[in-house]
Amino acid sequence: MHFCLSGEYTPRSINNIMENPTTNRYEAAKKLIETAGGKLISMYSMAADGPGVMVIFDVPDPTVAPAITGVVVASGAIQNVKLVRLFTQDEIKVVRQHASKLKAAYSPPGS
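Going by our numbering, the sequence shown opens with residue 99, and the numbers climb by one from there.
#1: Between which residues of its own chain and VAL162 is the CB-CB distance below 6 Å, once the five residues before and five after are set aside?
#2: Report buried or exposed for ALA127, applying the criterion of at least 16 other Cβ atoms within 10 angstroms of its Cβ.
#3: Would you mind stating whether ILE139 and HIS100 have Cβ atoms separated by less than 8 Å?
#4: Would you identify the three-state DSSP class for GLY208, choosing helix, strand or coil?
#5: Check for me: the alpha helix (DSSP H) holding MET141 runs from which residue to which?
#6: Since VAL179 contacts GLY105 with CB under 8 Å, what's their CB separation in whole angstroms?
#7: For LYS180, list the residues DSSP reports as bridge partners.
#8: Please report the straight-line C-alpha distance between LYS201 and ARG194, rounded to a whole angstrom.
#9: Nearest CA to the CA of VAL170: which residue from ASN113, VAL151, ALA203 and SER209?
#10: Using CA coordinates, which residue listed in GLU125, ALA165, ALA175 and PRO158 is at the minimum distance from PRO149?
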């Protein structure tokens with residue numbers, strides 16, 4: 099299952115990165131995700147809303163994604179974190195099929 103984790107570096111992290119600008123955050127993220135049984139798909143730096151990071155990864159167990167997020171947040175590395183489950187086109191096709199079958203069973207307010 100694919101997830102996107104994004105967040106802003108904390109002031110402490112920014113200072114540490116400035117003191118060691120060649121630090122390899124990609125390798126740190128890759129090691130954590132692989133230790134959890136997953137695969138790092140891609141990683142980007144972001145400038146919006148403060149220096150930040152966006153990591154897209156794949157894990158076989160969806161409960162691992164919030165655990166990865168918790169480890170990173172607890173370390174003090176990032177703040178204002180957002181974790182989003184991503185769906186492949188094949189997965190979203192199944193979701194749409196389920197929605198189509200369920201649509202008749204729901205009545206919105208006022209109906």
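For glycine and all other residues, C-beta sits at the position ideal for the given N, C-alpha and C.
None of these values were measured; they are calculated from a predicted model.
Short version:
#1: ALA134
#2: Counting Cβ neighbours within 10 Å, ALA127 comes out buried, since at least 16 surround it.
#3: yes
#4: coil
#5: Looking at the DSSP string, MET141 is not in any alpha helix (DSSP H); the run it does join, the beta strand (DSSP E), is 137-144.
#6: 4 Å
#7: For LYS180, which the question treats as bridged, DSSP gives the partners SER104.
#8: 10 Å
#9: VAL151
#10: ALA175
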